[in-house]
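Residue numbers (our numbering): 67 to 541.
Below you'll find the structure, written out as structure tokens, and then a few comments.
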Amino acid sequence: MEAVRISNTLTEVAELLFVPSPGAGHIFPMLELAEQLVNRDPRLAVTFCLMKMPFQQTSHDFKSSSGRIRFVELEPTTLDPDTPRSIRFTSFIDGHAPQIRDIASKTASSSRLAGFVLDMFCTSFIDVANELGAPSYVFYTCGATCLGFMLHVQSLFDKGEFDPAELKDSDAELAIPGLRDPLQGKQLPSVVVEADWLPTVMRHTRRTREAKGILVNTFHDFESQAVASLTTGQTPPLYTVGPIIDLKLKKGDTVGEKEIVDWLDQQPKSSVVFLCFGSLASLDEEQVTEIAAALEASGQRFLWSLRKPPQKGKPEFYPSDYDDVKDGLPEGFMDRTAGLGKVIGWAPQTRVLAHPSMGGFVSHCGWNSTLESTWFGVPVATWPMQAEQQLNAVMLVKELEMAVEIRMSYRKLSGEVVPAEEIERGMRGLMAAENEGRRIKVKEMSDKCRKAVEEDGSSYHSVGRFIEDVISNTP
67 MEAVRISNTL TEVAELLFVP SPGAGHIFPM LELAEQLVNR DPRLAVTFCL MKMPFQQTSH
127 DFKSSSGRIR FVELEPTTLD PDTPRSIRFT SFIDGHAPQI RDIASKTASS SRLAGFVLDM
187 FCTSFIDVAN ELGAPSYVFY TCGATCLGFM LHVQSLFDKG EFDPAELKDS DAELAIPGLR
247 DPLQGKQLPS VVVEADWLPT VMRHTRRTRE AKGILVNTFH DFESQAVASL TTGQTPPLYT
307 VGPIIDLKLK KGDTVGEKEI VDWLDQQPKS SVVFLCFGSL ASLDEEQVTE IAAALEASGQ
367 RFLWSLRKPP QKGKPEFYPS DYDDVKDGLP EGFMDRTAGL GKVIGWAPQT RVLAHPSMGG
427 FVSHCGWNST LESTWFGVPV ATWPMQAEQQ LNAVMLVKEL EMAVEIRMSY RKLSGEVVPA
487 EEIERGMRGL MAAENEGRRI KVKEMSDKCR KAVEEDGSSY HSVGRFIEDV ISNTP
């Protein structure tokens, strides 16, 4: 059993078992947190479990700068193809329970198992932790506003006071702890207004209440009202540990990435609009045509990350890149806009947002993207697609007044096509001189964002509290 010397005494390393759900937006923040913990305190070590989606052909290739993070790649589980779509993902995750139990048991027998850190979609493994007498902590990859919203809806749902059919796409209002103004039904996150998805989401939220603590990827000043509403003793202790984002801005190590950065280097400062809709979203041909028309009409410099939708009837879950991006665009578009913009596939998002040429970000308002744009001080035009993104858009536009709206209530599954005129209007508003007030607010929040993780910052202290709590779990 490994031991470390602390103030002339030998202390055995306390081991945490991290279990993220598959997907870059969940794995990378948890890995960054694991790195922070072991680098900050030599008494900690991490076993980091990695799931592979059934269609994933290659193994994970994660490395750590620390010798105290051990990666374990789990064997893929089988999934009945007839499993309803609304429970397919969590059923796939739940199927890993025997492997998690085996890994945790071996860890507990060879070191001091200090607890489980579970992704928000891995709450079923709280049962495994309980079997071993270990505490569980839930890592919430969304913000505190979303957490408060979900806990509130779950409470209403369990009392029979939440009817998604009544609220969906309506102007009816729902007051939410932590938000200044009520949400309209049409602004509610997709996951709670789709009847098929709601029971699964409520199950995870219900189980989150069983955790010893909840780690949230946010910082106090960003969501102060939401954080306050979650620290009244009615929920598990809250640790605001963000922003956790990938700041390893290495020089482009691929031809494609170097080409992107070289192009950005040639653009004037704060002149480029970046369009990117996350690792899960892809757009159909009709919507792509409208975006292309908006970009042409705006005359705006742009960098557009355009992904190829998963093939229908195939097991792929994520978008991929086109062999030739022209195949996904209206004929002649690239020729007509050659002097203004560049269309790419996958985007090295943090490198792009960090670039001085960035002037605005047309975003799906995924939480990681929201934190990254805030960190780098890039104003956003909101266009949520799915999950909790509508809620994030409302927070940015209405609560913080840091963003302009293309849409706040858009749902990709609705099949609605946002017309070019709306997209163009949003981009022009994003880049207009009249947006200077928002730019100032974004810059102020960016400064607060960075201070939160500095020594003596709010998130720095919160991580410290979590470490002491974890250490206290072990004899």
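Even glycine gets a Cβ: it sits at the ideal position worked out from N, Cα and C.
Since the model is a prediction, treat every value here as computed from it, not as a measurement.
Have a look at the DSSP bridge pairing and note the partners of residue i.
i, result
"D185", "F205"
"T306", "V282"
"W370", "L341 and V409"
"F137", "F114"
"L542", "Any question about residue 542 goes unanswered here, given that the chain covers just 67 to 541."
"G426", "V339"
"L83", "T113 and F182"
"E471", "T448"
"S386", "K374"
Of the choices the options, whose alpha-carbon is the least far from that of residue i?
i, options, result
"V508", "G425, M474, R477 and V409", "G425"
"T540", "C115, Q102, E101 and R109", "R109"
"S345", "T271, H430 and L462", "H430"
"K478", "E454, V391, L249 and P303", "E454"
"F340", "M468, S480 and L361", "L361"
"V428", "R178, A200, T271 and I489", "I489"
"Y476", "E239, P414, K234 and V282", "K234"
"L349", "V460, D389, G481 and L83", "G481"
"Q415", "A90, L264, D168 and L222", "A90"
"R210", "E101, L198 and M186", "Here residue 210 is Ala; the residue named in the question, Arg, does not match the sequence. Of the listed residues, the one whose Cα sits closest to A210 is M186."
"M493", "T173, P334, R473 and E510", "R473"
"Q102", "I135, S87, P88 and L496", "I135"
"S423", "V470, V327, L254 and Y388", "V327"
"F84", "T143, A170, R154 and F182", "F182"
"L395", "R373, L457, K464 and I93", "R373"
"D247", "W433, K464 and D168", "K464"
"Y388", "G322, N434, S336 and P450", "G322"
"L406", "I537, R367, S435 and L116", "R367"
Do you know offhand how far residue i's Cα is from residue j's?
i, j, result
"H527", "A358", "46 angstroms"
"A363", "C188", "45 angstroms"
"A200", "T403", "58 angstroms"
"A499", "A447", "15 angstroms"
"E382", "P375", "Low per-residue confidence applies at E382: pLDDT is 48, beneath 50, and the placement is therefore not dependable, though the value from the model is reported in the following sentence. Computed Cα separation, rounded: 9 angstroms."
"S371", "P385", "12 angstroms"
"S256", "V484", "17 angstroms"
"L140", "V194", "16 angstroms"
"V282", "C208", "7 angstroms"
"R106", "Q165", "29 angstroms"
"V391", "G411", "7 angstroms"
"I533", "H218", "28 angstroms"
"F399", "T355", "10 angstroms"
"T626", "L304", "The chain is shown only over 67 to 541; residue 626 falls outside these bounds and no answer can be derived."
"R14", "T440", "Given that the chain is displayed from residue 67 to residue 541, the structure contains no residue 14 and the question cannot be resolved."
"K408", "L222", "47 angstroms"
"S290", "C212", "13 angstroms"
"E352", "P302", "46 angstroms"
"E521", "V138", "32 angstroms"
"A111", "D535", "15 angstroms"
"F228", "W263", "14 angstroms"
"A420", "Y206", "25 angstroms"
"L330", "V418", "8 angstroms"
"Q220", "M268", "6 angstroms"
Could you check if residue i is buried or exposed, using at least 16 other CB atoms within 10 Å of its CB as the buried criterion?
i, result
"G503", "exposed"
"G279", "buried"
"A241", "exposed"
"Q300", "exposed"
"S525", "buried"
"I159", "buried"
"D513", "exposed"
"P95", "buried"
"Q332", "exposed"
"I506", "exposed"
"L184", "buried"
"N196", "exposed"
"L369", "buried"
"L313", "exposed"
"G214", "buried"
"A231", "exposed"
For residue i, verify whether its CB is less than 8 angstroms away from any heavy atom of the ligand ATP.
i, result
"E362", "The model depicted lacks the ligand ATP and carries no ligand whatsoever."
Residues in the same chain with beta-carbon distance under 8 angstroms from residue i, minus the five sequence neighbours each way, listed in chain order, please.
i, result
"S236", "Q250, G251 and K252"
Excluding five sequence neighbours on each side, which residues of the same chain lie with their C-beta closer than 6 angstroms to the C-beta of residue i?
i, result
"L437", "P309 and I311"
"S157", "T149"
"V307", "L281, S525, S528 and V529"
"A174", "L198"
Check whether chain C comes within 9 angstroms of residue i, counting only Cβ atoms and requiring the distance to be less than that.
i, result
"Y526", "In the displayed structure, chain C is absent; only one protein chain is listed."
Among the residues of its own chain, which have a CB less than 7 angstroms from the CB of residue i, if the five just before and after it don't count?
i, result
"F191", "V85, A163, I166, F182 and L184"
"N501", "P445, V470 and G495"
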